[in-house]
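Before any comments, here is the structure.
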Amino acid sequence: DTAVSQTPKYLVTQMGNDKSIKCEQNLGHDTMYWYKQDSKKFLKIMFSYNNKELIINETVPNRFSPKSPDKAHLNLHINSLELGDSAVYFCASSQGGRYTGELFFGEGSRLTVL
Amino acid sequence: GENVEQHPSTLSVQEGDSAVIKCTYSDSASNYFPWYKQELGKRPQLIIDIRSNVGEKKDQRIAVTLNKTAKHFSLHITETQPEDSAVYFCAARASGNTPLVFGKGTRLSVIA
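Chains A and B, in that order, give the protein sequences. Read the first sequence against the working numbering and you will find it ends at 155, with the numbers running on by one and no gaps. Read the second sequence against the working numbering and you will find it ends at 671, with the numbers running on by one and no gaps.
Encoded structure:
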């Protein structure tokens, strides 16, 4: 019973391609997030999504777009992949209203752009 | 927005010794300060957290202290064990509509 699950776990692709990472949570949480962890292990917020309200980190390129078909899913779509997009992407969720409560992370999706 | 600084970036201790990791934050309105542990190749997981109405919190071998005036908080691990080796992240959340902001992490190595 994985609480937050992401697929795929590994993704290797060429520059210029478009790819998606899926995320699902079965915790009944209100808010979901995407974080990017670069090679130096720095965890940086990309998006948060709560009750159809999307908050975007202004530093995220518009090639990245989150899509939420329902409260339990927040997928990440990336257009025109670049070398610098190589990282581990973590989906997370939390309960208790926007930005309150413990973050539960998925296992991460390691994206490698060649 | 909130900015969280974390030190040191790497820390090596002998098994049984104590380890201390320190963080500072910029937004005086921040009210929630969690610590996450990330083992190699795994997801970050919450180990302890503290809210701004509390100065110290303990859970077995780990403790967190908060100094709101100075805007800094620390993680203390006593009697370290090899399984404590991991990357530790502090984080802070400002009040209002902002998500958790993480420090850059501390890689702790416990040498047996």
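Each residue gets a CB set at the ideal place from its N, CA and C atoms; glycine is no exception. Predicted, not measured: the structure shown is a model, and the values here were computed from it.
- Taking a Cβ-Cβ threshold of 8 angstroms, the residues of chain A close to PRO658 (chain B) are TYR74, ILE86, SER89, ILE96, TYR140, in chain order.
- With distances taken between CA atoms, SER668 (chain B) lies nearest to B:ILE636 out of B:ALA653, B:ARG652, B:ILE636, B:ALA651.
- THR628 (chain B) has no beta-bridge partner at all, per DSSP.
- C-alpha of LEU68 (chain A) to C-alpha of SER127 (chain A): approximately 29 angstroms in a straight line.
- Selection B:ASP643, B:TRP594, B:LYS663 evaluated against LEU634 (chain B) yields B:TRP594 as nearest (Cα-Cα).
- Under the 10 Å beta carbon count, THR628 (chain B) is surrounded by fewer than 16 other beta carbons and is classified as exposed.
- Each residue's CA atom was taken as its position, placing GLU642 (chain B) and THR665 (chain B) some 15 angstroms apart.
- The Cβ atoms of SER150 (chain A) and PRO49 (chain A) sit closer than 8 angstroms to each other.
- Distance from the CA of GLN565 (chain B) to the CA of VAL660 (chain B), rounded to the nearest whole angstrom, comes to 12 angstroms.
- Taking 8 angstroms as the CB threshold, VAL646 (chain B) lines the interface with chain A.
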